[in-house]
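Below you'll find the structure, written out as structure tokens, and then a few comments.
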Amino acid sequence: AGWQGKSASAASRQFLVDLVTNSSVQGFRLEGFDNPPEALSTLLQGEPSGCIGCLRLRPGKKTRRFNLQRLYAPEFLLYFTDFSGLQVLEDEDGRDRLRAVEYSEALLFDVIGQLAELCTDAEAMPAPQ
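Remember, my numbering sits 348 above the position in the sequence shown when you count from 1.
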């Protein structure tokens with residue numbers, strides 16, 4: 349049995365996936381993205397580029413997930429805060445609500461608050477998780 353109770357073949361397969369994804373560079377990878385912006389959706393529909401293209405992944409869920417796993421944090425955070433496709437709505441009195449850049453700012457402010465709470469909770473844990 350390998351790491352986390354996996355068989356030796358499953359552990360070696362996971363090791364190979366880690367080598368060709370962001371796991372080997374930054375130690376983590378993106379597994380999913382709910383309601384991606386149009387720019388990311390277009391990227392995810394394409395085939396993997398470079399030497400990874402020789403894996404011959406067919407278009408579909410596995411290819412989209414593989415493309416997500418290869419994104420570095422600065423790339424997927426840009427997509428995370430991309431509200432360029434968002435339409436500006438108006439209040440009843442004709443004034444604009446939040447613009448795309450203001451939504452991005454509000455989102456990042458909320459994320460920072462949640463990360464701060466997570467750090468506080470992690471620090472209070474009796475043992476590392």
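Glycine included, each C-beta is placed from N, C-alpha and C at the ideal position. All values reported here derive from a predicted model rather than from experimental measurement.
Contact belief for residue i with residue j at Cβ below 8 Å, rounded distance in angstroms
i	j	result
Arg412	Glu379	The pair is not a contact, with the Cβ atoms about 11 Å apart (cut-off 8 Å).
Arg377	Thr369	5 Å
For residue j and residue i, the rounded distance between their alpha carbons
i	j	result
Arg361	Leu455	36 Å
Ala475	Gly408	40 Å
Glu423	Gly461	21 Å
Ala307	Leu367	Examination of residue 307 is not possible in this model, given that the chain is present from 349 through 477 alone.
Leu419	Ala448	23 Å
Cys467	Ala421	19 Å
Glu341	Val459	Here the chain has residues from 349 to 477 only, and residue 341 is not among them.
Val373	Asn415	15 Å
Phe363	Ala387	30 Å
Met473	Leu392	37 Å
Glu478	Phe428	A query on residue 478 cannot be resolved here, the shown segment of the chain reaching from 349 to 477 and no further.
Where the alpha helix (DSSP H) containing residue i begins and where it ends
i	result
Ser357	Ala356 to Val368
Leu425	Ala421 to Phe428
Ala387	Glu386 to Gln393
Glu379	Careful: Glu379 lies outside any alpha helix (DSSP H) and carries neither H nor E.
Cβ-based neighbour list, residue i, same chain, cut-off 8 Å, excluding 5 preceding and 5 following
i	result
Val365	Ser371 and Gln417
Own chain partners of residue i with C-beta closer than 7 Å, once the 5 adjacent residues on each side are dropped
i	result
Tyr451	Phe431 and Leu434
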